[in-house]
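A.B. asks: Position one of the sequence shown corresponds to residue 3 (the working numbering), numbered consecutively onward. For every residue, glycine included, the Cβ atom is placed at its ideal position computed from N, Cα and C.
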Amino acid sequence: PHATGHIIEQQQLVQQILDNGFAYVSNGSVYFDIEKYNKKYHYGKLSGRNLDDVINNSRELDGVGEKRNQVDFALWKKARPEHIMRWPSPWSDGFPGWHCECTAMGRKYLGDHFDIHGGGMDLVFPHHECEIAQATASQGEDMVKYWMHNNMITINGQKMGKSLGNFITLEQFFTGDHPSLEQAYGPMTIRFFILGAHYRGTVDFSNEALKASEKGLERLMQGISDLERVQVSKQSDPQTEKTVKELRQKCYDAMNDDMQTQIVISHLFEACHTINTLLDHKSMISEDCLKELKEVMHLFAFDILGLKNSAGANNEAREEAYGKVVDMVLSLRAKAKADKDWATSDRIRDELAAAGFEVKDTKDGTTWKLNK
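(1) Is T191 helix, strand or coil when you go by DSSP?
(2) For A315, does the three-state DSSP call read helix, strand or coil?
(3) Buried or exposed: where does Q12 fall if 16 or more other Cβ atoms within 10 Å of its Cβ makes it buried?
(4) Sorted by chain position, which residues of the same chain lie with C-beta nearer than 7 angstroms to L15's C-beta, five sequence neighbours on each side aside?
(5) Between which two residues does the alpha helix (DSSP H) containing D341 stretch?
(6) What is the residue span of the alpha helix (DSSP H) that T276 lies within?
(7) Taking the alpha-carbon of T364 as reference, which of L334, S288, K342 and D282 has the nearest alpha-carbon?
(8) Tell me, which residues are paired with L372 by DSSP?
(9) In whole angstroms, give me the CA-to-CA distance for T171 and L183.
(10) From which residue to which residue does the alpha helix (DSSP H) around A76 run?
(11) Should the region 157 to 174 be regarded as contacting the region 80 to 93, the criterion being three or more beta carbon pairs within less than 8 angstroms?
(12) Helix, strand or coil for K365, going by three-state DSSP, please let me know.
(13) Please classify R335 as buried or exposed, where buried requires at least 16 other C-beta atoms within 10 Å of its C-beta.
(14) Run through DSSP, which three-state label would K326 get?
(15) Suppose only complete runs of 3+ residues qualify. What are the beta strand (DSSP E) ranges in the region 188 to 266, listed by chain order?
(16) Let me check one thing: in DSSP terms, what residues is V27 bridge-paired to?
(17) Indicate the three-state DSSP secondary structure (helix, strand or coil) for N168 in the structure shown.
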């Protein structure tokens, strides 16, 4: 939705604030009366700022002569003759203040109360502080339960910006069409990379970090896929049972602790290590325990972190195309091994490896996968 498509809703918000006595009209513009609001509520509760400090540190801005106080912000601005964007209103032909659109549109689409409002750290003050004031002044309480602010993005240690020439769009990440990129990176790689850092921490994009995330994502998806090859036992060994039983709660604890997604990922990698020990027959797992492990891995990797097995989907498509041929070649290798023709057996394995196929001999038979 566009702010320009919700002018009526923004005007209704302004009128509600006027009706409740927390705004005033001055020369065709409408301003929010911060001092009056602060007598009943708390302006600065999100940013931790004191109103006196805000007043003392504020600079003179456009329209200061129309305001009762220089920190009062515009809810509606009377348009100058040269201003192109303008709409009729009860107060003047003009346009909404900067903060109105978010409150009005949030209320329309999410209701008078909703759980999470996000944004960059640079929006905490004044933008989100003013949003809280508008919502509270219009309905008597804040609309938002949790405010979440992400940190800045850097490229190779420098802040991303068009002026610096290091601005990269998502489309450029996906195509690799940018001088700073050595290759293209899929959407899930970008997502996994971002989830690998706390949302309030700085995210630094670099080819090395993105390649590491690409490999990490492949490792996680491979671990989840490998769950289908795990053989169950009558009971789990104590360490495996402990690891699996604790996994769900450890992941929930990390998410409930201010969305520590990077810790969730570390727990999932620990589970991948457990999966590898099961495949190598170095540990045992019961049917119920394996079911729990599958549920938790799918819940947090796919449902909560929002990852998709895009790499796995690509592999699956290629495996389906090559599968019958590879299986036929491996059957020839199995016959060569049965005939003790080790030279042919090794040559088939080496040729497959050169073509990008990883072949593993286990006590349960031969497995293969197509590497990138």
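C.D. replies: In this structure, then:
(1) helix
(2) Only weak support is given to the placement of A315: the predicted model assigns it a pLDDT of 46, under 50, and the value that follows is read from those uncertain coordinates. If DSSP states are grouped into helix, strand and coil, A315 belongs with the helices.
(3) Flag for Q12 reads buried.
(4) C102, T105, A106, Q136 and S140
(5) Where D341 is concerned, there is no enclosing alpha helix (DSSP H), given that its DSSP letter is neither H nor E.
(6) T263 to L281
(7) For T364, the closest alpha carbon among the candidates L334, S288, K342 and D282 is that of D282.
(8) Beta bridge pairing from DSSP links L372 with F359.
(9) 11 angstroms
(10) No alpha helix (DSSP H) contains A76, which is instead part of the beta strand (DSSP E) from A76 to K80.
(11) no
(12) coil
(13) buried
(14) helix
(15) Complete beta strand (DSSP E) runs here, min 3: 205 to 207.
(16) V27 pairs with V32.
(17) coil
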